[in-house]
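Undergrad: If you count by numbering that gives the first Met the number 0, then the sequence shown holds residues 0 to 254, one letter each, in order.
The beta-carbon is built from N, C-alpha and C at its ideal position, and this holds for glycine as well.
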Amino acid sequence: MGERKPLIAGNWKMNLDIGDAVKLVQTIGASLKDDTDREVLVAPPFTSLPAVKQAIGKAKIFLAGQNMHWEMKGAYTGEISGRMLQQVGCTHVILGHSERRTLFGESSEVVDLKVKSAVLLGLIPIVCVGESLEERESGRTFAVLEDQLNASLQNFRADELMPVSTILAYEPIWAIGTGKTASPEQAQEVHVFVREWIGKTFGPVPARDVRILYGGSVKPSNIKELMSMPDIDGVLVGGASLKAEEFIPIIHYGE
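1) Nearest-angstrom Cα distance between L160 and I247?
2) Run the CB neighbour count on Q65, radius 10 Å, all protein chains shown included, and call it buried at 16 or more, exposed below.
3) Let's see if you can read the secondary structure: which residues bound the alpha helix (DSSP H) around G18?
4) So, with DSSP's three-state summary, where would you put A74?
5) Could you check whether the stretch 165-183 touches the stretch 111-131, counting it as contact only if at least three pairs of C-beta atoms, one from each stretch, sit closer than 8 Å?
6) Using only alpha-carbon positions, find the residue among E130, P219, E254, I197 that is nearest to E98.
7) Mapping the DSSP letters down to three states, classify H91 as helix, strand or coil.
8) Of all the options K4, R37, L15, which has the alpha carbon lying nearest to the alpha carbon of K242?
9) Which partner residues of E38 appear in the DSSP bridge assignment?
10) Looking at G121 and E105, is the spacing between their C-beta atoms short of 8 Å?
11) CB-CB under 7 Å to G233, same chain, minus the five flanking residues each way: which ones, in chain order?
12) Measure how close the beta-carbons of E170 and L235 come, nearest whole angstrom, since I'm counting them as under 8 Å.
13) Run through the stretch 165-201 for me and flag every whole alpha helix (DSSP H) of 4 or more residues, listed as ranges in chain order.
14) Under 8 Å: do the stretch 147-154 and the stretch 105-115 share three or more Cβ pairs, one atom per stretch?
15) Within a Cβ cutoff of 8 Å, which residues of the same chain sit near G176, ignoring the five residues on either side of it in sequence?
16) What separation, rounded to the nearest whole angstrom, lies between the Cα atoms of A54 and A181?
17) Could you have a look at F103 and say whether DSSP puts it in helix, strand or coil?
18) Can you give the Cα-Cα distance for D208 and R3, rounded to whole angstroms?
19) Sort R156, K22, E38 by Cα distance to T90 and report the nearest one.
20) I'd like the span of the beta strand (DSSP E) that includes A54, first residue to last.
21) Can you name, in chain order, every residue of its own chain whose Cβ lies under 8 Å from the Cβ of M0, other than the five neighbours on each side?
22) Which runs of the alpha helix (DSSP H), 4 residues or longer, sit entirely within the stretch 111-145?
23) DSSP puts Y213 in a beta bridge; with which residues?
24) Please check the pair K57 and V87, which I expect to be a contact at CB under 8 Å, by giving their CB distance rounded to whole angstroms.
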């Protein structure tokens, strides 16, 4: 049986200058034990990536980009390629975050191009899906998620293959930065649906081994309960990952 190692990921969004980012990652690194049973990841702004990578040193912390373009290079002003992320030490990349989808009009079809490019390069994509409050209240959560999954992972579907290193993240849009959180039971229900979709689309091995994270107002007070759910394999933390006194207790939940 595949082991789904818990993953605690901090998405710093457009926050922290280089000095603060370095201090934070050093504090996180100092708190980690060598024999930890979980993985830790941070996604700083692009400008902080090289300094944060250097500050990580030998600590077991993975580095992720918050976005990337699907082409390797070219006339795409303001964009960064997956290869560029790799050159500064990234192993992962967040794709299709709800803020990219809602604020910048990023479609699932564009997310699909980025996922394909990331996988070709050997970057591990963290592919985000989630529904709005209106979609949840009208009972369309599962239909919306199925549409997003089908379109965002179209290339995998065409090949009938999903690399088990792929990470999915369920982030209910109504719970991001609002202080509202899906209850552990609500989150588990959606994670079961996503895992069943993986099984139906790609078969039993990816369904067993692919990790599904929860993102949406994760904090020290709810992490233990969320992580006690059998299909929640980790968390994608926003605001609470910006302060050591909040993020470190999240990383060390249950220890």
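TA: Taking the definition as stated:
1) When rounded, the distance between both Cα atoms is 36 Å.
2) With a threshold of 16 other beta carbon atoms within 10 Å, Q65 meets it and is buried.
3) G18 -> alpha helix (DSSP H) spans 17-30.
4) If DSSP states are grouped into helix, strand and coil, A74 belongs with coil.
5) At 8 Å Cβ cutoff, the stretches touch.
6) Of the candidates E130, P219, E254, I197, the one whose C-alpha sits nearest the C-alpha of E98 is E130.
7) Residue state, collapsed to three classes: strand.
8) Nearest of K4, R37, L15 to K242, Cα basis: L15.
9) Beta bridge pairing from DSSP links E38 with L6.
10) By the CB criterion at 8 Å, E105 and G121 fall outside the cutoff.
11) Around G233: P5, L6, I7, A8, R210, L212.
12) Correct: roughly 6 Å between the Cβ atoms.
13) The stretch 165-201 contains these whole alpha helix (DSSP H) runs: 183-201.
14) Contact holds: three or more Cβ-Cβ distances are below 8 Å.
15) The beta carbon of G176 sits closer than 8 Å to those of S216, G237, G238, all from its chain and outside the five residues before and after it, given in chain order.
16) Computed Cα separation, rounded: 34 Å.
17) Coil, per DSSP.
18) Straight across, the Cα-Cα distance linking D208 with R3 is about 6 Å.
19) Ranking R156, K22, E38 by Cα distance to T90 puts E38 first.
20) For A54, there is no enclosing beta strand (DSSP E); the residue is part of the alpha helix (DSSP H) that begins and ends at 48-55.
21) For M0, the predicted model reports a pLDDT of 41, less than 50, meaning its position is unreliable; a value from the coordinates is still stated below. Cβ within range, chain order: R207.
22) If one requires a minimum length of 4 residues, the alpha helix (DSSP H) runs lying completely within the stretch 111-145 are 132-136, in chain order.
23) Here Y213 is bridged, per DSSP, to Y169, V234.
24) Actually they are not in contact, since the Cβ atoms of K57 and V87 sit about 18 Å apart, beyond 8 Å.
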